[in-house]
Amino acid sequence: MRRDEFSRRLMSEHVLTTNDLIYPVFVLDGENKTEAVPSMPGVQRQTIDILLKTAAECVKLGIPALALFPVVGQSFKSLDASEAYNPEGLVPRTIKALKQAFPELGIITDVALDPYTTHGQDGLIDDTGYVLNDETVAVLVKQALCHAKAGADIVAPSDMMDGRIGAIRRALESEGLIYTKILAYSAKYASAYYGPFRDAVGSSANLGKSNKYNYQMDPANSDEALQEVALDIEEGADMVMVKPGMPYLDIVRRVKDTFKVPTYAYQVSGEYAMLKAAAQNGWLDEKQCVLEAMLGFKRAGADGILTYYAMDIARWLKD
Ligand code: PBG
0 MRRDEFSRRL
10 MSEHVLTTND
20 LIYPVFVLDG
30 ENKTEAVPSM
40 PGVQRQTIDI
50 LLKTAAECVK
60 LGIPALALFP
70 VVGQSFKSLD
80 ASEAYNPEGL
90 VPRTIKALKQ
100 AFPELGIITD
110 VALDPYTTHG
120 QDGLIDDTGY
130 VLNDETVAVL
140 VKQALCHAKA
150 GADIVAPSDM
160 MDGRIGAIRR
170 ALESEGLIYT
180 KILAYSAKYA
190 SAYYGPFRDA
200 VGSSANLGKS
210 NKYNYQMDPA
220 NSDEALQEVA
230 LDIEEGADMV
240 MVKPGMPYLD
250 IVRRVKDTFK
260 VPTYAYQVSG
270 EYAMLKAAAQ
280 NGWLDEKQCV
290 LEAMLGFKRA
300 GADGILTYYA
310 MDIARWLKD
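For the sequence shown, numbering that gives the first Met the number 0 assigns the number 0 to the initial residue and increments by one for each residue that follows.
Written as C-alpha cells, this is what we have:
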C-alpha cells in the first residue's frame, strides 16, 4: 500500500487545511511601528495600522481567526489591573479597527490580567503573592465584557481561575451579548515553554523569579485536565483548549475522546522558538517539520491549532 503514490494518497487518514489555523499576534500602541521579538525570530509586535495589513494578508490566505495579545507600557500596569477593562484601551481599539476592516475575520481575545499587572501574574495577589481567585474573577468578567462590547467574537480566558467561565457566561447573557463565544483555556499547564511569549509581552521581567505553579496545571497530571475541561463545559464554554501543544498531545486526545466538543491546541512560543532555531541552524527542514507537527495535532484530535506559523503554513498549503 505504501509503494505507490496513488495508494498512499488513498489511505491517508488526516488532512491539514487553512481552516485549522488561528494566528496569535502581539499588538503595540502607536503608529507605523514593528518590534522584533528576539526569542521568536520572524514574529513581530505590531501597531494597529500595521496589524491591519497583516490581517488583510490573513484574510487573503483564508486564515479563519486571529488571537490578540497586547503589549502595553509599564505605566499601564498596576496592582488592580484596571487597564484590562478600559474601553479605550489597546485591545478594544484593536478589535474595533479589525472588525471594521474585516468583519468576516474572527477575533479572539485573551482574558487574563498578566499584561496589566505590575507583578506579571494572571490575577490579583494577596500580601504573600498568592493569586486571589474570586477577586480576580470579578476583574476577568469586566475584561471579557469590555472585549465583547468592542466586538470580539470569542473571549478566551487563559488565567486558570476557578469559576471564571460561568461568571463570564452569566455576565455576557445578562448584557445581551448572546453571540459571544467562550474559548476556555481549560487545561493550561505551568510550562517553561511560555518563556519567549513572556519576553514578547514584557511580563517576564515583572514576573522575575516567581512562577505560576499555584494556579496553572502540573505537567505530571492528566486526569486533572479532564476535570478542568468538564467544569468549563458545565459552566458554559463553547470551545476548550489544551496548552502547550506538542508535549501535551495525549491530553488533546483524551479531551477529544471524552467530551467530543470543539477542541483546540496551542503550539506555544517555546515550541515555535525550538523549530525556528533548528531551522535557522540548518538542522531541520522547517516546512516539513512544521507541517509534520501540524499533522500530529490533527491526529491527536485537535479541531484547530493556534500557531505563530499560521501564515507560513497557509502559504505552504497554497503552493
Ligand atoms: C497569559 C498567557 C501566556 C500565554 C498565553 N497567554 C503565558 C503565561 O501563562 O505566562 C503563552 C503563549 C505562548 O507561550 O505562546 N495569560
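For each residue, glycine too, the CB sits at the ideal point set by N, CA and C. All figures in this text were calculated on a predicted structure; none of them were measured in a lab.
| Item | Value |
| --- | --- |
| Could you give the residue range of the alpha helix (DSSP H) that holds serine 268? | 268–279 |
| Do valine 154 and alanine 83 have their C-beta atoms within less than 8 Å of each other? | no |
| Would you kindly check if the distance between the Cβ of leucine 67 and the Cβ of isoleucine 312 is under 8 Å? | no |
| Could you tell me if the beta carbon of glycine 269 falls within a distance shorter than 7 Å of some heavy atom in the ligand PBG? | yes |
| Measuring straight from C-alpha to C-alpha, what distance separates valine 239 and alanine 299? | 14 Å |
| Which runs of the beta strand (DSSP E) fall wholly inside the stretch 191–216 and span at least 3 residues, in chain order? | none |
| Quick one: any contact between the stretch 160–174 and the stretch 5–23, if contact means 3 or more CB pairs under 8 Å? | no |
| So for lysine 286, helix, strand or coil by DSSP? | helix |
| DSSP three-state call for threonine 93: helix, strand or coil? | helix |
| Measure from the alpha carbon of histidine 146 to the alpha carbon of each residue in Gly128, Ser74, Ile164, Thr179, then state which is nearest. | Thr179 |
| Just to check, is the beta-carbon of alanine 111 closer than 7 Å to a non-hydrogen atom of the ligand PBG? | yes |
| Hey, is lysine 76 close to the ligand PBG, as in C-beta under 7 Å from one of its heavy atoms? | no |
| Among Leu131, Ser190, Leu206, Glu234, whose alpha-carbon lies nearest the alpha-carbon of methionine 216? | Ser190 |
| Considering only residues of the same chain and omitting the five flanking positions on each side of valine 110, which have a CB-CB separation below 8 Å? | Leu139, Gln142, Ala143, His146, Val154, Ala155, Pro156, Ser157, Asp158, Arg163, Ile167 |
| Select from Asp48, Pro23, Lys59, Ala204 the residue whose C-alpha is nearest the C-alpha of valine 42. | Pro23 |
| Tell me the residue span of the beta strand (DSSP E) that contains valine 154. | 153–156 |
| Is there at least one non-hydrogen atom of the ligand PBG closer than 7 Å to the beta-carbon of arginine 163? | no |
| Between which two residues does the beta strand (DSSP E) carrying valine 239 extend? | 238–242 |
| Using alpha carbons as the reference points, say which of Glu233, Glu234, Arg252 lies closest to lysine 242. | Arg252 |
| Just how far apart, CA to CA, sit glycine 105 and isoleucine 62? | 9 Å |
| Could you tell me whether the Cβ atoms of glycine 31 and threonine 117 are closer together than 8 Å? | It is asparagine, not glycine, that sits at residue 31 in the sequence shown. Not a contact, by the Cβ cut-off of 8 Å. |
| Which stretch, first to last residue, makes up the alpha helix (DSSP H) that contains arginine 8? | 4–9 |
| In the DSSP assignment, find the beta strand (DSSP E) that holds serine 185 and state where it starts and stops. | 180–187 |
| The beta strand (DSSP E) with arginine 44 in it runs from where to where? | 43–46 |
| I want to check one thing, is the minimum distance from the CB of serine 157 to the heavy atoms of the ligand PBG below 7 Å? | yes |
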